[in-house]
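Encoded as structure tokens, the structure appears first; notes follow it.
In this note's numbering, the protein residues as written are 125 to 560.
What follows is the structure in structure tokens.
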């Protein structure tokens, strides 16, 4: 056999310097995981670092200049693209303009969060418009709007699951006689939003929902929550000190009250909550969707398992469905809060009140903090931004920057540019609303 020898010309000193220059900004990190694994990241300097953060986070400000927002997932792998959705809208309704803001943190797939974030707002607006046309008294307004929020969140979940159930016989005995091939065709038929696949996917997947309304006088705030997003109200007192308040209860395994509620509803099932997760699987204890945790197990065994998708694994079915004995295990009932902001919200300085809404990706970045400690940190940072002589920029972007490293350029660079195939932080969406 003839061997061909290839001679390579040694690199010149200039070429060696160029090669070293190309890699001088790269470093290795264990992402604070310990062990032997290391990943490459690129050290960025300003202004490139801030520009890269903007590119990933997509900062926006509402048309009224009252609400700043970001939605952030630095992992570029398609499978791990963000499942968070948010909405900021101003509604011209009888009596004036209302502000609607919402964060939806999807899980399992994108279908549920896409559907709910698109359809919930119009439904809520329609219900609110109809109620306001009756000219309710000021004293009746707080309860009226609270009831509308509660009904609307329950309605969109009930309607979504009902659309799925309508694809199949409702009687369990009839469902057991359903031809598996027909079931497979029904749940995988893809012809638009009303297709069998769309109805099945959005019923199976889930999303949390954190929704707020501010009335035209900006003297009333409503917060409705299903899941583990967080709402924090910050207020500046007369001494100039900022104080924070966590507005909503957190619906996940960190809340002993939620775990006790589920256990009381399923007293004979030790594994109804396991490892602080519903059936050992889902972290939120209340959610929109997740029909397989709300319906009899036969739907998971005979219908959902036929879904042809890259987000549903056989392991989920095999490991968790046998634990479904007395559904539902998840609630779709929101906690609704009404806060009177008072005249100060209309007449005081613009820095007097702010409202932060965020998905749990932000709280995950504060490991070891209580929710109140997180709230204090966030409001102190926002307060400094609002009080700075140069004036604030995008408050949501500033809070995100603080959470992923702040002034530590190396840490921020690592969190933005590390070369990992898997997701290294949760989807993070932040809305900061000024309430002057």
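Note that beta-carbon positions come from the ideal geometry of N, C-alpha and C, so glycine has one too.
The structure presented is a predicted model; accordingly, all values stated were derived computationally and were not measured.
Residue 349 bridges to which residues according to DSSP? According to DSSP, which records beta bridges pairwise, residue 349 is partnered with 334 and 459.
Inspect the beta-carbon positions of residue 460 and residue 327 and report whether they are closer than 8 Å. Their beta carbons are not under 8 Å apart, which means residue 460 does not touch residue 327 by this criterion.
Let me know the secondary structure DSSP gives residue 407 once reduced to three states. It is coil, neither helix nor strand.
Who are the near neighbours of residue 218 in its chain, counting only those whose CB is closer than 8 Å to its CB and skipping five residues on each side? Here residue 218 has 253, 256, 257 and 259 as same chain residues with Cβ atoms under 8 Å from its own Cβ, once five neighbours each way along the sequence are excluded.
Please say whether residue 502 and residue 523 have beta carbons closer to each other than 8 Å? Against a cut-off of 8 Å, the Cβ pair of residue 502 and residue 523 comes out as a contact.
Can you list, in chain order, the residues of its chain whose CB lies under 8 Å from that of residue 452, leaving out five sequence neighbours each side? So the list reads 417, 418 and 419, once near-sequence residues are dropped.
Range of the contiguous beta strand (DSSP E) that encloses residue 366: Going by DSSP, residue 366 is part of the beta strand (DSSP E) stretching over 366-370.
Distance between residue 280 and residue 246 (C-alpha atoms, nearest Å): C-alpha of residue 246 to C-alpha of residue 280: approximately 11 Å in a straight line.
Given this structure, state the Cα-to-Cα distance separating residue 381 from residue 436, to the nearest angstrom. Approximately 30 Å, taken between the alpha carbons.
Have a look at 167, 155, 160 and 161 and flag the residue whose alpha-carbon is nearest the alpha-carbon of residue 148. The closest CA to that of residue 148, considering only 167, 155, 160 and 161, is found on 167.
For residue 557, the first and last residue of its enclosing alpha helix (DSSP H): Run containing residue 557: none in the alpha helix (DSSP H); it sits in the beta strand (DSSP E), 552-558.
Option in 549, 342 and 229 with minimal Cα separation from residue 411: The candidate whose alpha carbon is nearest that of residue 411 is 229.
Going by the beta-carbon positions, is the gap between residue 549 and residue 485 smaller than 8 Å? Yes, the Cβ-Cβ distance between residue 549 and residue 485 is below 8 Å.
Between which two residues does the beta strand (DSSP E) holding residue 163 run? First-last of the beta strand (DSSP E) with residue 163: 163-166.
Is residue 373 helix, strand or coil when you go by DSSP? In the structure shown, residue 373 sits in coil (DSSP, three-state: anything other than H, G, I, E or B).
Can you give the Cα-Cα distance for residue 472 and residue 558, rounded to whole angstroms? Model confidence at residue 472 stands at a pLDDT of 46, short of 50, so the residue's coordinates are unreliable; what they give is reported in the following sentence. Approximately 12 Å between the Cα atoms of the pair.
Quick check: the Cα distance between residue 314 and residue 324, rounded to an integer number of angstroms? Straight-line Cα distance between these residues: approximately 11 Å.
Does at least one heavy atom of the ligand FAD sit under 7 Å from the Cβ of residue 548? Looking at this structure, you won't find the ligand FAD or any other ligand, since it has none at all.
Close Cβ partners of residue 383 (< 8 Å) along its chain, the five nearest in sequence each way excluded: Closer than 8 Å at the Cβ level, and outside the excluded window around residue 383, lie 377, 397, 400 and 409.
If you run the structure through DSSP and keep just helix, strand and coil, what is residue 292? Here residue 292 sits in coil by DSSP.
Here's a check: name, in chain order, each residue in its chain whose Cβ is nearer than 6 Å to the Cβ of residue 320, leaving out the five neighbours to either side. Sequence-distant partners of residue 320 (beyond 5 residues in either direction) whose C-beta falls short of 6 Å from its own C-beta, in its chain, are 291, 310, 311 and 313.
Can you find at least 3 beta carbon pairs, one from the stretch 265-283 and one from the stretch 233-252, that sit closer than 8 Å? Yes, since at least three Cβ pairs between the stretch 265-283 and the stretch 233-252 fall closer than 8 Å, the two stretches touch.
Given a cut-off of 8 Å on the beta-carbon distance, is the pair residue 527 and residue 489 in contact? Contact flag set, yes.
Measuring CA to CA, which of 360, 393 and 445 is closest to residue 465? Measuring C-alpha to C-alpha distances from residue 465 to each of 360, 393 and 445 identifies 360 as the nearest.
Is residue 350 near residue 369, with beta carbons less than 8 Å apart? Cβ distance not < 8 Å, so residue 350 and residue 369 don't count as in contact.
DSSP bridge partner residues for residue 344 (one or two, in chain order): Answer is 464.
Compute the Euclidean distance between the alpha carbons of residue 469 and residue 197, then round it to the nearest angstrom. Summary for residue 469: the model assigns pLDDT 46, below 50, so the residue's position carries little reliability, and this model does not support an answer.
Taking the continuous beta strand (DSSP E) assigned at residue 203, which residues delimit it? It is not in any beta strand (DSSP E) - residue 203 carries neither H nor E in the DSSP assignment.
Which stretch, first to last residue, makes up the beta strand (DSSP E) that contains residue 113? Beyond the ends of the chain as shown, which are 125 and 560, falls residue 113; an answer cannot be given.
Cα separation between residue 293 and residue 424? For residue 293 and residue 424, the distance between alpha carbons rounds to 14 Å.
Tell me whether residue 389 sits in a helix, a strand or coil according to DSSP, three-state version. Here residue 389 carries a helix assignment [DSSP, helix/strand/coil].
Are the beta-carbon atoms of residue 195 and residue 188 separated by less than 8 Å? Contact flag unset, no.
Report buried or exposed for residue 429, applying the criterion of at least 16 other Cβ atoms within 10 angstroms of its Cβ. With 16 or more Cβ atoms within 10 Å of its Cβ, residue 429 is classed as buried.
How is the alpha helix (DSSP H) around residue 422 delimited, first residue to last? Start and end: 421-426.
Determine the DSSP secondary structure at residue 185, reduced to helix, strand or coil. The answer is strand: DSSP assigns residue 185 an E or B state.
Using only the alpha-carbon positions, how far apart do residue 517 and residue 444 sit? The C-alpha of residue 444 is placed about 46 Å away from the C-alpha of residue 517.
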